[in-house]
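Worksheet for the structure shown next.
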Amino acid sequence: MNSKYFSVKQAYSLTVGTEVTLRGWVRSRRDSKGVTFIELNDGSRFKSMQLVVDAGVVLDETLKQVTTGSSIAASGVLAESPAKGQAVELKVSAISVYGTADPVTYPLQKKGHTLEFLREIGHLRVRSNTFGAAFRVRNALTHAIHTFFQERDFIYVQTPIITTSDCEGAGQMFNVTSLSMANPPRTADGNVNWQQDFFGRPAYLTVSGQLEGEIFALAFSKVYTFGPTFRAENSNTPRHLAEFWMIEPEMAFYELEDNMALAEEFLKFIIRYVLDHCREDLEFFNERIEKTVLNTLEHVAESKFGHITYTDAIQELKKSGKTWEFPVEWGSDLQTEHERFLSEELFKKPVIVTDYPKDIKAFYMRVNDDNKTVRAMDVLVPRVGEIIGGSQREDRHDVLLQRLRDSRLDEKAYWWYFDLRRYGSVPHSGFGLGLERMMMYLTGLKNIRDVIPFPRTPGNADF
RNA sequence: UCCGCGGUAGCUCAAUGGUAGAGCGUCCGGCUGUUAACCGGAGGGUUGUAGGUUCGAAUCCUACCCGCGGAGCCA
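The opening position of the first sequence corresponds to residue 57 in my numbering, with each subsequent residue numbered one higher.
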C-alpha cells in the first residue's frame with residue numbers, strides 16, 4: 057500500500073489515472089467469471105466506490121474474506137467506468153483485509169431492511185444507506201444552525217442539564233439523585249430527606265434551557281442554546297423521545313414581530329444549507345422515503361411566510377366547510393389537522409399563527425392589551441404542522457407574578473427569574489426548535505427514533 | 001398510560017384446528033463488466049414467553065413480553 061489514502065468522497069474529485077488507497081466497509085460484492093465488483097463505502101458520502109478486481113490480481117484466500125460488512129483497504133488506479141451507474145471506479149491492484157464479517161451471521165444484507173429491524177441493530181444500522189444519509193444530514197443541519205447564529209453575533213450558551221427548577225411545568229422530569237434508592241434518608245415524618253441529597257434538594261434533568269437563556273439574553277443581547285433536553289413522559293409515539301435536542305434562541309429588545317422575522321430567516325437558512333450541502337442524501341430520501349421532500353423544502357426556502365392571528369385562524373377553520381375530527385372553538389388548542397389545513401390549503405406555504413389565548417399557553421408569554429391573548433407564535437409548515445414555537449416574554453414584573461400564581465407554580469423557585477424583571481428588564485423574545493422534528497421534516501422519515509443516533513424511549517436505552 | 005394491529009427460517013411474508021412454505025440473503029456450482037446482477041442446487045424452524053382447551057394448536061382461550069400505528073402529552 058504505497059499510494060496515498062483518500063476518502064471515497066475525495067477520490068471522486070480526483071482525476072482519472074490517480075493512484076489511491078481507499079479504506080472502508082464492503083457494502084456488497086458481485087462476482088462474474090473473470091471479474092469481481094465490490095461496493096466500498098466509508099461514510100464520507102452517500103455513494104460508494106465500485107472496486108473492480110480482475111481475476112488473479114488478488115489472492116483467492118484474500119478475496120474470499122471480502123464479504124458484505126468486512127473492512128478493507130484497496131489500492132489501485134482510478135479509471136473511467138465503461139458501464140452505467142458510476143463515472144469512475146477503482147481498478148484494484150491490491151487488497152488487504154482489516155476485519156472479516158462472517159456472512160452467515162452479519163445481519164445487514166444487500167437488499168432492503170425495514171427501519172424497525174434496523175432499529176434493533178443500532179450499532180450496525182449506521183452502515184446502511186438510510187442512516188448514513190440521515191446522520192450526514194444531521195451533521196450538516198447542526199453546522200448550519202451554529203453558522204446561522206454565529207454569523208449574526210449570537211452567543212452560544214450552554215445551559216445546565218441538571219436543574220432544580222421545574223421549568224414552566226412542562227412534562228414529567230427525570231430525577232437526579234445520589235441517594236440510595238433502596239434506603240434513602242428520611243425526615244421525621246417519613247418522607248425522603250432531600251436535604252441530604254447531592255444538591256440539598258430535589259434535582260432533575262432539564263426540560264428546557266429557555267429560562268437560563270433569558271438570563272444570558274439580558275446580558276449578551278442575542279444568545280442561543282443548543283443541547284439535549286429530557287422528558288420522562290411515558291409517550292410511545294413516532295414523534296417523542298425521552299432525550300432530544302433543542303435549539304432555543306433568545307433575544308433582548310426583540311418584540312414578537314422581530315422574533316417572527318428571525319424564525320423565518322432561520323428556517324430558510326438551514327433548509328437552504330442542507331439543500332446545498334446534502335443534495336445526494338436528500339435525493340435518496342426523496343426517492344425512497346418521501347417523494348415530496350425536495351419539493352416542500354425548496355418551496356419553504358423560497359416562500360414568504362404567511363401571518364394570521366389565532367382568532368382569525370379559528371374563523372377560517374370554521375368557515376372552511378370541512379368537518380373536523382376535533383371541534384374548532386376559540387379557546388382550544390389547534391390540532392395537527394387544523395395546523396395542516398392552514399399551511400397546506402389556506403396559505404399553501406408556511407404560516408405563523410400568533411396571539412393565542414393565554415389559558416392554553418405558558419405563564420412566561422407576554423399578555424396582550426386585550427388581557428385574553430398572549431404574544432405567542434407557532435410556525436406551521438406543510439406536511440408536519442408546527443415546527444417552531446416561541447413568544448415574546450412577559451417583561452412586566454407584576455403581570456408575570458399574576459400569571460405565575462394563576463398557573464399555580466411555586467413563585468419562590470423563580471426568584472431569579474423575577475429579578476430579571478426587577479433589574480433592567482427589557483422586551484425580549486425567543487423560540488424553540490426541536491432538532492429531531494426538523495430532521496424528520498428534512499428527511500421525510502416518519503419515526504423520530506430514526507433521526508437520532510441512539511434513541512431513548514420508554515423501556516429502551518440500548519447502545 | 002389508553003385503544004387497535006402484529007410477533008412463523010438471518011430478513012420480508014404465506015399457511016384460518018389436521019405432514020410448517022415462498023421470495024430474498026447465506027453456502028456450493030455455473031456465467032467474460034456487474035449495478036437489488038443472472039441461472040441451477042443445498043442448508044436453514046422449540047411458530048415471542050408461560051399456561052389452558054382439544055384426539056390433534058402457528059391457528060382457539062388467558063396472562064405477560066416486545067414491535068408498529070392512533071390518542072393523550074408535547075419539541
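Glycine included, every Cβ here is placed at the ideal spot set by N, Cα and C.
What you are looking at is a predicted structure, and each value in this text was computed from that prediction instead of being measured.
First and last residue of the uninterrupted beta strand (DSSP E) at residue i
i      : result
Trp81  : Glu75 to Asp87
Phe487 : His484 to Gly490
Asn315 : No beta strand (DSSP E) contains Asn315, which is instead part of the alpha helix (DSSP H) from Leu312 to His333.
Glu442 : Gly441 to Gln448
Asp209 : No beta strand (DSSP E) holds Asp209; DSSP gives it neither H nor E.
Thr123 : Premise fails: Thr123 is in no beta strand (DSSP E) and is neither H nor E.
Val455 : Run containing Val455: none in the beta strand (DSSP E); it sits in the alpha helix (DSSP H), His453 to Asp462.
Met302 : Glu299 to Ala308
Thr262 : No beta strand (DSSP E) holds Thr262; DSSP gives it neither H nor E.
Asp110 : Met105 to Asp110
Asn97  : Val91 to Asn97
Neighbour-count burial assignment, residue i, 16 or more Cβ in a 10 Å radius
i      : result
Trp471 : exposed
Trp81  : buried
Asp209 : exposed
Ala517 : exposed
Ser69  : exposed
Met237 : exposed
His179 : exposed
Leu107 : buried
Phe361 : buried
Met57  : No answer about Met57 holds up, because its pLDDT of 49 lies below 50 and its placement is not dependable.
Lys89  : exposed
Gly125 : buried
Asn247 : exposed
Phe7   : No statement about residue 7 is possible, as the shown extent of the chain runs from 57 to 519 and does not include it.
Gly112 : exposed
Glu343 : exposed
Pro305 : buried
Pro537 : No answer is possible for residue 537: the residues shown for the chain start at 57 and end at 519.
Pro159 : exposed
Pro509 : exposed
Lys278 : buried
Glu395 : buried
Thr293 : exposed
Phe205 : buried
Host alpha helix (DSSP H) of residue i (start-end)
i      : result
Asn292 : Element bounds for Asn292: n/a, residue is neither H nor E.
Ile217 : No alpha helix (DSSP H) contains Ile217, which DSSP labels as neither H nor E.
Gln266 : Gln266 to Phe276
Glu66  : The question names Glu, but residue 66 in the sequence shown is Gln. Val64 to Ala67 is the span of the alpha helix (DSSP H), which, as asked, contains Gln66.
Tyr470 : From DSSP, Tyr470 is part of no alpha helix (DSSP H); its letter is neither H nor E.
Cβ neighbours of residue i in the same chain (closer than 7 Å, five flanking residues each side left out)
i      : result
Arg192 : Cys334 and Asp337
Ser376 : Phe397
Arg512 : Leu297, Ala298 and Glu299
Val72  : Leu134, Ala135, Glu136 and Val144
Val384 : Ile370, Leu373, Lys374 and His394
Beta-carbon proximity of residue i to residue j, cut-off 7 Å
i      : j      : result
Leu353 : Leu323 : no
Tyr260 : Thr285 : no
Phe487 : Gly441 : no
Phe102 : Ala157 : no
Leu297 : Ile504 : yes
Thr233 : Glu268 : no
Thr74  : Leu146 : no
Leu460 : Leu274 : no
Ser481 : Asp451 : yes
Ser104 : Arg83  : yes
Phe93  : Val76  : no
Contacts around residue i, its chain only, beta-carbon distance under 8 Å, and the 5 residues preceding and following it disregarded
i      : result
Glu372 : Ile364, Leu398 and Leu402
Gly387 : Pro413, Asp415 and Ile416
Glu393 : Trp380, Glu381 and Phe382
Phe474 : His453, Leu456, Leu457 and Glu467
Asp253 : Thr233, Ser234, Leu235 and Ala259
Asp462 : Phe419
Glu339 : Leu350
Close Cβ partners of residue i (< 6 Å) along its chain, the five nearest in sequence each way excluded
i      : result
Pro163 : Ile177
Leu491 : Trp301
Ile444 : Ala319, Val435, Phe487 and Leu489
Exercise. Which ranges does the beta strand (DSSP E) cover as unbroken runs of at least 3 residues, wholly within the region 125-198, from first to last along the chain?
Worked result: As for any beta strand (DSSP E) of minimum length 3 sitting wholly inside the region 125-198, the runs are 127-136 and 144-155, ordered along the chain.
Problem set entry | alpha helix (DSSP H) segments (min. 4 residues) lying fully within the region 342-430 | The alpha helix (DSSP H) runs lying completely inside the region 342-430 and spanning 4 residues or more are 349-358, 366-374 and 392-396, given in chain order.
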